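Residue 1 is where the sequence shown starts when you use the UniProt record's numbering, and the numbers rise one by one after that. In this text, a Cβ means the ideal position worked out from N, Cα and C, and glycines have one as well. Predicted model only: the values in this text are computed from it and were never measured. Structure first, then comments.
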Amino acid sequence: MVQLHVKRGDESQFLFNTTTDSPLESVIQQVTAIYNGRLKVDRICSEIPELADHGVTLPPNMQGLTDEQIVELKLKDEWEEQCIPSGGEIFRKDEIGRRNGHAPNDKMKKVLMRTVEEAKALISKKQAQANVCVTMEMVKEALDQLRGAVMIVYPMGLPPHDPIRMEFDDQEDLSGTQASLQVITEEACQLWWAGKEMQRGKKLQDYIGRNEKTKLVVKLQKKGQGAPAREPLVTDEQHKQMMLHCYKRQEELKKLDEADDDSYLDSEWSNRQALKRQFQGLTNIKWGPR
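If you want it as structure tokens, here you go:
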């Protein structure tokens, strides 16, 4: 199997296994799906702590309003009585007015937070360091774990305007957000290797040959952004090791220079004629008055 180390810019994303005879169209499709799937998991994981702390999202026309404004405008959250967390609720007011404040109890909160950590670990960038390839099945498993935890805490489901439910239903609206800049559609995705764009319509072997034990660092890029920066000749870790080796070598050379000091030759004990002079009684002769 050919192993692709997928990066976005200089940031490592995940490892992906394929074969040399795989069409690049298929490879790009699978890599893009995993990349965007990991982003979806991250977005859900960032919203669930808010759900655990402050309950479900208010309707769009009530968000950001004070209690007095809601009463004055005679607005009502129709989903408040339906979306009640199992096991009872604890009121924790959302200071920014985005959620209704009817949070799940501490036991249910632990269920949500534990599942978030498990889902993050499953598709983490650290998997690449552990030489574990991330597959679309792993991304789906992470999404299923999150969906299951939310269903345990909110068996009646979440309101249709809640961003977590919209993510699960693939109806999320990312327009105007920072998250929209990270997503790459399959049509706009390009795969680059060694400063070359790997063209659709070709196979992987057209670029790397037929060696199935090849490991490549490939970079995802949006169409129209040009070529990504090339990989450095040495990694940061290799650079640190080289600097450490250079420092140790300099210290060793300093010690060797100190060992070459011949000032000891002026010492009395280093005089080769000392024994002979002692026998001749010439060791304590001084010239001049005493």
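Inter-residue Cα distance where the pair is residue i and residue j
i	j	result
N211	V217	15 Å
P49	G148	15 Å
D144	L73	39 Å
M136	A194	26 Å
F91	K126	37 Å
K254	R272	29 Å
A119	I34	14 Å
H239	R249	15 Å
M1	M113	36 Å
E25	I96	45 Å
C110	S175	According to the sequence provided, residue 110 is Lys. The question's Cys does not apply to it. When rounded, the distance between both Cα atoms is 32 Å.
Q178	L256	58 Å
K202	D21	9 Å
Y247	E258	17 Å
residue 377	E117	Past the boundaries of the shown model lies residue 377; the chain is included only from 1 to 290, so the question cannot be answered.
N17	Y207	16 Å
Pick from the options that is closest to residue i, judged by C-alpha positions
i	options	result
V132	K202, R8, Q63 and L4	L4
H161	C45, F14, P59 and K140	P59
D236	V2, V6, M1 and E11	E11
E187	E251, V111 and R200	R200
I164	K93, A52 and L256	A52
P155	A121, E81 and M242	E81
K7	D257, Q250, V150 and C189	C189
N100	R114, D106 and I84	I84
R98	Q63, V153, V71 and L39	Q63
P104	E89, R277, T66 and M198	E89
residue 316	A227, N271 and L24	Nothing in the structure corresponds to residue 316, since the chain is present only between 1 and 290.
I123	M198, K40, K276 and D77	K40
W79	E68, E95 and H102	H102
D169	T177, G157 and G176	G157
Residue i vs residue j beta-carbon contact at 8 Å
i	j	result
L204	V27	yes
W192	Q221	yes
E167	R43	yes
V153	S86	yes
V183	G37	no
Proximal residues to residue i (C-beta, below 7 Å), its chain only, five neighbours per side dropped
i	result
I70	M62
A128	H5, S12, F14 and L15
Q29	E186
D106	none
S180	L174
Buried/exposed call for residue i, threshold 16 Cβ in 10 Å
i	result
A274	exposed
P159	buried
T57	buried
T19	exposed
M108	buried
K213	exposed
T115	buried
G281	exposed
Residue i CB to nearest heavy atom of the ligand MN below 7 Å
i	result
N100	As far as ligands go, the structure on display features none, and thus does not contain the ligand MN.
Own chain, CB closer than 6 Å to residue i, minus 5 neighbours either side, in chain order
i	result
E197	Q190
K215	Q3
K223	A188 and Q190
Sequence-distant residues of the same chain with beta carbon closer than 8 Å to residue i, five excluded per side
i	result
M151	G157
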